[in-house]
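Notes follow once the structure below has been shown.
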Amino acid sequence: MSSTIAYLIIGISVLFILGIKLLASPKTARLGNLVAAAGMLIALISLHQPNGDYVWSQGWTFNYTLIVIGTLIGLVIGAIGAYSVKMTAMPQMVALFNGLGGGAAALVASLEFITIKSDAGLTAVIAVPMLFATLIGSLSFSGSVIAYLKLEGKFEKPMTFPGQNLFNGLILLVILGLAIFLGGHVNTPAFIGLFVLALFFGVAMVMPIGGADMPVVISLLNSFTGLAVAADGFAIHNNAMIVAGTLVGSSGTLLTLLMCHAMNRPVSNVLFGAFGSGGAAAGGAAGDLAGKTVKPIQADEVAVLLAYAQQVVIVPGYGMAVAQAQHQVRELSDELGKRGVEVRFAIHPVAGRMPGHMNVLLAEANVPYDQLCEMEAINPTMDRVDVCLVIGANDVVNPAAREDKSSPIYGMPIIDADHAKTVIVMKRSMAAGFAGIENLLFYKDNTRMLFGDAKASLNALVAQVKAS
Amino acid sequence: MESSFADVVFIFVLAIFVGIEVISKVPSMLHTPLMSGTNAIHGIILFGGILVLADAASPLAQLLGFIAVVFGSANVFGGFMVTDRMLQMFKKKKK
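First to last, the sequence lines map onto chains P and D. In terms of the working numbering, the first sequence has 375 at position 375, counting the first letter as 1, and numbering is strictly consecutive. In terms of the working numbering, the second sequence has 72 at position 72, counting the first letter as 1, and numbering is strictly consecutive.
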């Protein structure tokens with residue numbers, strides 16, 4: 001019997017690994033998700049207690065009624081969340097589901113704690129994973145909820161106070177002290193204290209981070225939840241949970257690092273909030289700009305430029321997501337296409353709030369695949385582009401990343417929008433981007449600013465292009 | 001099913017490297033679906049919840065286990081469904 005379970009778990013692990021691998025290619029991504037889901041289904045059907053008892057053939061107790069009801073409630077919540085959420089609000093939904101997973105991981109660890117009756121039952125093999133899962137799981141839960149709220153537009157700005165890192169460090173020390181104490185003692189108040197402090201630490205960790213960095217935070221918390229699940233797997237002797245949780249933990253950590261790499265910032269910089277103070281370093285660049293002014297332009301002029309261009313590149317950014325303007329962007333692109341203008345979209349890896357955020361939004365608006373170009377592919381062709389239309393993107397087109405060594409984003413790969421013959425920047429106001437850095441692009445000779453709400457401006461552009 | 005602690009650590013270490021190896025080949029445009037997909041995979045915590053709730057011996061344990069199952073279930077089902085919805089859209093535009 002036990003070897004059958006072992007083989008099943010190998011099969012489940014292979015399905016998860018294949019699933020993630022298939023997710024890596026646009027052609028097979030959907031299949032990959034289904035393969036992973038199939039692995040999950042097999043795991044559910046073949047669920048065994050650590051002692052080898054088949055879960056679904058034990059005597060039916062009230063606990064099983066609770067299991068069925070709880071699973072159904074979760075299914076309904078998940079389905080409503082998954083199918084009612086707008087594509088623009090995707091990152092929030094992922095954050096929320098991740099938080100629930102983290103909460104579940106912490107609760108499973110807590111239940112394991114309840115079953116331990118004496119200090120003697122606390123071997124390191126059980127205590128370490130159990131406390132780790134409690135700590136990381138609850139931190140991931142509260143952190144994800146804050147990330148969700150920030151993406152929903154609540155307290156989006158970083159919340160900081162003097163000595164914050166010291167304060168957070170002290171909380172962490174207390175948490176570690178409690179964890180070490182709990183490693184040798186079954187003490188319920190101390191355990192509750194650990195739980196609550198970990199929840200609080202999740203809030204304290206995410207609050208000082210700005211809304212623009214939430215993708216990194218969600219990715220990190222995603223890998224945290226994975227590790228918490230793996231730790232639970234250690235504590236309750238379930239190898240499938242160890243494999244699945246660890247896969248998520250390691251791939252999530254790498255994804256987090258890749259995201260930070262694309263922004264040219266170390267992960268510590270994101271987490272410990274040196275971003276706000278980056279403005280001081282950008283002072284030099286801002287000084288050079290004194291006396292320079294931006295040149296505004298009206299929608300009818302832009303329409304003429306676009307209608308008679310040969311090559312147009314559109315650079316979407318977070319502003320497009322906020323204005324929910326992806327359908328208008330598609331309309332404009334279609335209208336230009338009808339006139340024989342070649343339109344491409346330049347997608348920066350970290351544009352928007354998650355890597356691939358722009359792809360998802362443009363996909364929702366049915367922009368054809370082959371019009372979406374990655375940054376590396378489009379930059380060498382930028383010199384031949386007549387008009388580059390920047391819609392709500394800021395830091396990812398800031399030439400300071402190339403030119404200004406004192407800039408905090410120096411060295412970050414950017415889309416070379418400024419190499420186009422004319423650059424049109426659509427923006428609500430002259431406020432700096434999330435990075436709080438002046439954008440040198442706005443002051444270039446070939447740049448014109450089209451102020452206003454992206455959706456309204458695009459509607460005007462579509463109408464004018466049709467008319468001209 | 002009983003395996004030695006060293007075996008389990010062995011699995012853990014190998015899984016770390018597999019996770020890194022598998023993800024390093026994902027184009028950036030698929031990062032959101034990937035994050036969402038891996039998010040669904042850690043929904044396997046639902047089964048952890050089921051296992052501990054099946055053995056729950058007190059009302060408190062039943063309550064905590066019940067919440068764990070609801071959370072885990074929302075994580076796993078919602079996670080896979082939302083990922084599928086996202087990827088469906090990628091496919092549609094290829095026509």
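Ideal placement from N, C-alpha and C gives every residue a C-beta, glycine not left out.
Between the C-alpha atoms of V125 of chain P and K150 of chain P there is a straight-line separation of about 38 Å. Chain-ordered, the chain D residues with CB closer than 8 Å to the CB of N63 of chain P read L53, A54, D55, A56, Q62, G65. Between G81 of chain P and L66 of chain P, the gap from beta carbon to beta carbon reaches 9 Å or more. Taking one beta carbon from each stretch, the stretch 400-408 of chain P and the stretch 424-431 of chain P have fewer than 3 pairs nearer than 8 Å; the two do not touch.
For V14 of chain P, the number of other beta carbons within 10 angstroms of its own is below 16, and it is reported as exposed.
The beta carbon of V35 of chain P sits closer than 8 Å to the beta carbons of L15, L18, G19, L22 from its chain, once the five residues preceding and following it are set aside; these are given in chain order.
With respect to chain D, the C-beta atom of L247 of chain P has a partner C-beta closer than 9 Å. Look at the beta carbons and you see the stretch 252-260 of chain P touching the stretch 218-236 of chain P: at least three pairs across the two are nearer than 8 Å.
Boundaries for K295 of chain P: no beta strand (DSSP E) harbours it, and the DSSP string shows neither H nor E there. Three or more Cβ pairs closer than 8 Å define a contact, and the stretch 127-139 of chain P meets that threshold against the stretch 222-239 of chain P.
In the DSSP secondary-structure assignment, V390 of chain P is bridged to P:V315, P:V425.
Counting only unbroken stretches of 4 or more residues, the alpha helix (DSSP H) elements lying wholly within the stretch 311-374 of chain P are 318-323, 326-338, 357-364, in sequence order.
The Cβ neighbour count for A120 of chain P, taken over all protein chains shown within 10 Å, is under 16; the residue is labelled exposed. Of the residues assessed, P349 of chain P falls on the buried side of the cut-off, its CB having 16 or more other CB atoms within 10 angstroms. Those residues of the stretch 31-45 of chain D placed with their C-beta closer than 8 Å to a C-beta in chain P are H31, T32, P33, L34, M35, S36, G37, T38, N39, A40, I41, H42, G43, I44, I45, ordered along the chain. For G337 of chain P, no Cβ of chain D is located within less than 9 Å of the residue's own Cβ. Counting only residues of its own chain and dropping the five nearest sequence neighbours on each side, A299 of chain P has a CB closer than 7 Å to the CB of L450, S457, A460, L461, Q464. Listed along chain P are L254, each with a C-beta nearer than 7 Å to that of S24 of chain D. Excluding the 5 residues flanking it on each side, E374 of chain P has same chain C-beta neighbours closer than 7 Å at I347, in chain order. Per DSSP, the beta bridge partners of R448 of chain P are P:I424.
Rounded to the nearest whole angstrom, the C-alpha separation of R330 of chain P and L362 of chain P is 8 Å.
Contact annotation: Y308 of chain P and A351 of chain P have beta-carbon atoms that are not nearer than 9 Å. Less than 9 Å divides the Cβ of I11 of chain D from the Cβ of V243 of chain P. Take V302 of chain P, set aside five residues on each side of it, and the residues of its chain with a beta-carbon closer than 7 Å to its own are I424, L450, L461, in chain order. Interface criterion met: the Cβ of R30 of chain P is under 9 Å from a Cβ in chain D. For V82 of chain D, the CB contacts under 7 Å within the same chain, skipping 5 residues up- and downstream, are S36 in chain order.
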